[in-house]
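Okay, so here's the structure we're looking at.
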Amino acid sequence: MARAFSLLGLLRLRHAQQGQAAATLADANERLREASDRRMAARRTLDDGPVEVSDAAMLSAIAAARASTRGMLTELDAVAERRRVEADEAQRAYSEARRAALSLEKLEEQHAATTAADDLRAEQTVLDEIASQSRGGAS
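Just remember that our numbering sits 8 ahead of the position in the sequence shown, which is counted from 1.
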């Protein structure tokens, strides 16, 4: 009869932690993509503009809009960098959770192999005893 893996509860906990870290990583990567998309959109806005300037008021408005957009790009760069740091931290946390779960998975595999070998050895002993009894009884 196979013995239960004594660290099964801890392995389940590690898998849950790994799943939570994976979700956090996915969320961080999504926020990073969103920040990058917003930055690209702002950059396109800065590059877009009217072809002709008809008067000084329009020129002044364009200059103000460009200055505002440049300021927004600076802020978006800071947000993107912060999100990149968060994504890197989430990746490290996921890697650590995966490593912790993987070490327990290896222990579980070793336990299963040892248990299977013990079961086969016990079964072979029983078969050998049965065979020796039937040979002894036939003589």
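Idealized CB from N, CA, C, for every residue including glycine.
* Give the secondary structure of Arg74 by DSSP, where H, G and I count as helix, E and B as strand, and everything else as coil. => As a working note, residue 74 is residue 66 in the sequence shown. Here Arg74 sits in helix by DSSP.
* Asked: For the alpha helix (DSSP H) that Glu38 lies in, which residues bound it at each end?
  -> Here residue 38 refers to the residue found at position 30 of the sequence shown. From DSSP, the alpha helix (DSSP H) with Glu38 extends over Leu16 to Asp55.
* To do: Identify whether Glu149 lies in helix, strand or coil by the three-state DSSP scheme.
  => Nothing in the structure corresponds to residue 149, since the chain is present only between 9 and 147.
* To do: Could you tell me whether the segment 116 to 125 touches the segment 28 to 46, where touching means 3 or more Cβ pairs closer than 8 Å?
  => no
* Let me know if Leu33 comes out buried or exposed under the rule of 16 or more other beta-carbons within 10 Å of its beta-carbon. => In the sequence shown, counting from the first residue as 1, residue 33 sits at position 25. Buried: at least 16 other Cβ atoms inside 10 Å.
* State the DSSP-derived secondary structure class of Glu60, mapped to helix, strand or coil. => Mapped onto the sequence shown, residue 60 falls at position 52. The answer is coil: DSSP assigns Glu60 none of H, G, I, E or B.
* Asked: Looking at C-alpha atoms only, which residue of Asp126, Glu131, Ala105 and Asp136 is the closest neighbour of Ala24?
  -> Counting from 1 along the sequence shown, the entry for residue 24 is found at position 16. Of Asp126, Glu131, Ala105 and Asp136, the residue nearest in Cα terms is Ala105.
* With 16 other Cβ atoms within 10 Å as the buried cut-off, status of Arg22 -> Working through the sequence shown from its first residue, we reach residue 22 at position 14. That one is buried.
* Outcome for Arg91 when other beta-carbon atoms lying within 10 angstroms are tallied against a minimum of 16 -> Counted from its first residue, the sequence shown places residue 91 at position 83. Buried, by the Cβ-count rule.
* **Proximity below 7 Å, CB of Leu19 to CB of Leu112** => Numbered from 1 along the sequence shown, position 11 holds the residue referred to as residue 19. Numbered from 1 along the sequence shown, position 104 holds the residue referred to as residue 112. Remark: C-beta atoms of Leu19 and Leu112 approach each other more closely than 7 Å.
* In the structure shown, what three-state DSSP assignment does Ala12 receive? -> The sequence position of residue 12 within the sequence shown is 4, counting from 1. The answer is coil: DSSP assigns Ala12 none of H, G, I, E or B.
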